[in-house]
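Encoded as structure tokens, the structure appears first; notes follow it.
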Amino acid sequence: MQLEVVGVRVGAPLGAPCSSYAVDGPDGSVLLDCGPGALQAAWTSGLIDRLGAMVISHMHLDHMLDLVPWTTAITREGLVHRLGEAPRLPLYVPRGHGPRVLSDLLGAFGHGLDRVGELFDLREYEEAATVSACGLDITFVRTGHPEPCFAPRCTDGQATVVYSADATATPALTRHAAGADLLVCEATFLEPGPELERFGHMTGDQAGAVAAEAGVKRLVLTHVMPFDDENAENVRRARARFRGPVDLAEPGAVYAL
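Take the sequence shown: its position 195, counted from the start at 1, is 198 in the working numbering, and no numbers get skipped.
Below, the structure written as structure tokens:
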């Protein structure tokens, strides 16, 4: 089992793709989120060749917008040329809200939700669900983000990865991450303040505290701004809280578990 970082940015793909991470299971890879730039990165790296499913944590653009170009005819033709077929991947989105947002988004370009069905098997999940894909069991917890957002916990029975998605530092998230081999946790802001509460995000200091309380083995900070100095300081503050390894997520980084 391993995790590959595909994209790391918050809001816009400035210098790197937005949020997207691949977890390799025994039977293929599950893509967690598909923000702007994820399709190109997956195509270039070869990740797209082994994808078996996709899970979207929530319907904010920096976590799902590349679903739009993924559904185009040119992507389908490219997959046929590359793989001999265009695989129809299971696509898991939050119940109710997920299909509505996709329908509205595609409608803005003159398409219907049926367009998604050409390349994806659209499925809905909720907090109590367990999704089984690529030999992985994936469970969820609702996060403190204003948009309905769910942090996935992925396990093959031997190793566990937890991805916070967009979240606040809540006891529920800490319980969800308990004992994980790897916690991929957002650290959007450097300092606490009104933006933190308004937008439902975390600092590096808070991410480090969650990792320490959850007893995880390794912490990777993600969902970061394009500001190297702030990101480096968030890593330093997380390390002051958490004694295990702390990394800043970088596209292409791979963590074997």
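A virtual CB, placed ideally from N, CA and C, is assigned to each residue, including glycine.
Inset, instruction - Grab me the residues of Ser23's own chain with a C-beta within less than 6 Å of its C-beta, minus the 5 sequence neighbours each way, in chain order. - result: Taking the first residue of the sequence shown as 1, we reach residue 23 at position 20. Excluding residues within five positions, the ones whose Cβ falls inside 6 Å are Val9, Gly10, Asp36, Cys37, Gly38 and Ala41.
Inset, instruction - Look up Phe153 in the DSSP assignment and say whether it is helix, strand or coil. - result: Taking the first residue of the sequence shown as position 1, residue 153 is located at position 150. Three-state DSSP puts Phe153 in a strand.
Legend entry - Limits of the unbroken alpha helix (DSSP H) element including Gly101: Within the sequence shown, residue 101 is the residue found at index 98, counting from 1. Per DSSP, Gly101 belongs to the alpha helix (DSSP H) from His100 to Gly110.
Legend entry - Neighbourhood of Asp140 by C-beta distance below 7 Å, restricted to the same chain and skipping five residues each side: By one-based count along the sequence shown, residue 140 stands at place 137. Excluding the 5 residues flanking it on each side, Asp140 has same chain C-beta neighbours closer than 7 Å at Thr133 and Thr158, in chain order.
Inset, instruction - My understanding is that Asp169 touches Cys188, with C-beta atoms under 8 Å, so please give their C-beta distance in whole angstroms. - result: Your numbering for residue 169 matches position 166 in the sequence shown. Your numbering for residue 188 matches position 185 in the sequence shown. Between Cys188 and Asp169 the Cβ distance is about 11 Å, and since that is not below 8 Å, they are no contact.
Legend entry - Reduced DSSP secondary structure (H/G/I, E/B, other) of Asp69: Indexing the sequence shown from 1 puts residue 69 at position 66. In this structure, Asp69 counts as coil in the three-state DSSP scheme.
Inset, instruction - Assign Val119 to one of three DSSP states: helix, strand, or coil. - result: Locating residue 119 in the sequence shown gives position 116, where the first residue counts as 1. Here Val119 sits in helix by DSSP.
Inset, instruction - Starting from the C-beta of Leu68, find all residues in its chain whose C-beta is less than 7 Å away, skip the five residues before and the five after it, and write them out in chain order. - result: As a working note, residue 68 is residue 65 in the sequence shown. Gly38 and Pro39.
Legend entry - Cβ-Cβ separation, Gly218 to Ala181 (assumed contact under 8 Å), whole Å: Numbered from its first residue, the sequence shown carries residue 181 at position 178. Numbered from its first residue, the sequence shown carries residue 218 at position 215. Right, the Cβ-Cβ distance comes to about 6 Å (below 8 Å), so this counts as a contact.
Legend entry - Cα-Cα separation between Leu17 and Gly110, rounded to whole angstroms: Here residue 17 refers to the residue found at position 14 of the sequence shown. Here residue 110 refers to the residue found at position 107 of the sequence shown. Rounded to the nearest angstrom, the two C-alpha atoms are 27 Å apart.
Legend entry - Cβ contact check for the segment 191 to 206 and the segment 242 to 250: 3 or more pairs under 8 Å: They do not touch, by the three-pair rule.
Legend entry - For Glu233 and Glu266, the rounded distance between their alpha carbons: Residue 266 cannot be examined here, being either before or after the span of the chain that is shown, 4 to 260.
Legend entry - Every unbroken beta strand (DSSP E) within the segment 19 to 81, with a cutoff of 3 residues, ordered by chain: 23 to 28, 31 to 35 and 54 to 58
Inset, instruction - Look at Thr146 and Gly211 and say whether their C-beta atoms are less than 9 Å apart. - result: One-based indexing of the sequence shown puts residue 146 at position 143. One-based indexing of the sequence shown puts residue 211 at position 208. Their beta carbons are not under 9 Å apart, which means Thr146 does not touch Gly211 by this criterion.
Inset, instruction - Output the distance between the C-alpha atoms of Arg156 and Val227, rounded to the nearest integer angstrom. - result: Position 153 of the sequence shown, counted from the start, is the residue given in the question as residue 156. Position 224 of the sequence shown, counted from the start, is the residue given in the question as residue 227. About 21 Å.
Legend entry - Residues of its chain near Arg98, where Cβ-Cβ distance is below 6 Å and the 5 sequence neighbours each way are ignored: The residue you call residue 98 lines up with position 95 of the sequence shown. If we look at Arg98 and ignore the five residues flanking it on each side, its Cβ neighbours are Glu127 and Glu129.
Inset, instruction - Give the DSSP bridge partners of Gly10, in chain order. - result: By 1-based counting over the sequence shown, the position of residue 10 is 7. Bridge partners of Gly10: Ser23.
Legend entry - Backbone secondary structure at Thr177 - three-state DSSP: As a first step, residue 177 must be located in the sequence shown, where it is residue number 174. Thr177 falls in the helix class under three-state DSSP.
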